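> I am attaching a structure below and will ask some questions about it afterwards.
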Amino acid sequence: MVTEISLSDVRGLIGMETGLSDWVTVDQTMIDAFASATDDHQFIHVDPARAAAESPFGGTIAHGFLTLSLLSTMNYNCLPKVREQTLGINYGFDRVRFMTPVRSGARVRGRFLLSEARFRGAGMLMTTYDVTIEIENEKKPALTAKWITIIQFDPKDRPDDV
């Protein structure tokens, strides 16, 4: 896997899978910390005994937004760094779909396909990734989304051919 690319290389990667992250274990400690950070203490996330008895999941599950937030660490883990980048900005998501709950103790990983890259202004490149978070040993993914990010760079580094 390529670990570093140039700005002029990015557009040539459109339509290609550009990253597959390492597995990340989503354990109860992580789920509880997320519940505390977001003040979302619904029993299906934080009460293993009650979740096992009263939910269809057989135990606790991760918050959908916790799973979504793991894309940041997965991104850093596997996407090639753009040599000229001075700053990365999370612009947002389109069409986020939570497909399968992530049970406590499950391992997940991110798959990134670059679907669009366009220069904006003198010093920004907007990229769109089709992302999937897979759950180990599950057929359906935890989630799918279109993730839009901005790569900021010094305008002097902008490729001549764009």
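For the sequence shown, UniProt numbering assigns the number 1 to the initial residue and increments by one for each residue that follows.
Cβ coordinates follow ideal geometry from the N, Cα and C atoms, glycine included.
Small disclaimer: the values here were computed from a predicted structure and weren't measured.
1. Measuring alpha carbon to alpha carbon, tell me which of G123, D27 and D22 ends up nearest L66.
2. Look at the Cβ atom of T132, then the Cβ atom of R111, and state whether they are nearer than 8 Å.
3. Who are the near neighbours of T100 in its chain, counting only those whose CB is closer than 7 Å to its CB and skipping five residues on each side?
4. Along the chain, which unbroken stretches of the beta strand (DSSP E) at least 3 residues long are found entirely within the region 50-121?
5. Compute the Euclidean distance between the alpha carbons of A145 and G64, then round it to the nearest angstrom.
6. Mind checking A51: buried by the 16 CB within 10 Å criterion, or exposed?
7. Does the pairing of the region 147-160 with the region 79-97 give three or more beta-carbon distances under 8 Å?
8. Determine which residues share a DSSP beta bridge with G19 and list them.
9. Which same chain residues end up closer than 7 Å to D40 when comparing Cβ atoms and leaving out the 5 residues on each side of it in sequence?
10. What's the call for A53, buried or exposed, on a 16-neighbour Cβ count within 10 Å?
11. Can you tell which of R107, V2, S115 and A37 has its C-alpha closest to the C-alpha of D94?
12. Compare the Cα-Cα distances from V82 to each of D9, L68, V96 and D47 and report the closest residue.
13. For P56 versus V2, is the C-beta spacing smaller than 8 Å?
14. For the alpha helix (DSSP H) containing I31, list its first residue and its last residue.
Put simply:
1. Answer by Cα proximity: D27.
2. Yes.
3. Scanning its chain for C-beta atoms nearer than 7 Å, with the 5 sequence neighbours on each side dropped, one finds around T100 the residues I135, E138, K140, P141 and A142, in chain order.
4. Taken in chain order, the whole beta strand (DSSP E) runs of length 3 or more contained in the region 50-121 are 85-98 and 106-120.
5. When rounded, the distance between both Cα atoms is 12 Å.
6. Around the beta carbon of A51, a 10 Å sphere encloses 16 or more other beta carbons of the protein chains shown; the residue is thus reported as buried.
7. Proximity of the region 147-160 to the region 79-97 meets the contact definition, three or more beta-carbon pairs being nearer than 8 Å.
8. In the DSSP output, where bridge partners are listed per residue, G19 has F112.
9. Closer than 7 Å at the Cβ level, and outside the excluded window around D40, lie H63.
10. By the 10 Å Cβ count, A53 comes out exposed.
11. That would be S115, whose Cα lies nearest to the Cα of D94.
12. Considering only alpha carbons, the answer is D9.
13. Judged by their CB atoms, P56 and V2 are not nearer to each other than the 8 Å cut-off.
14. DSSP places I31 inside the alpha helix (DSSP H), whose first and last residues are Q28 to T38.
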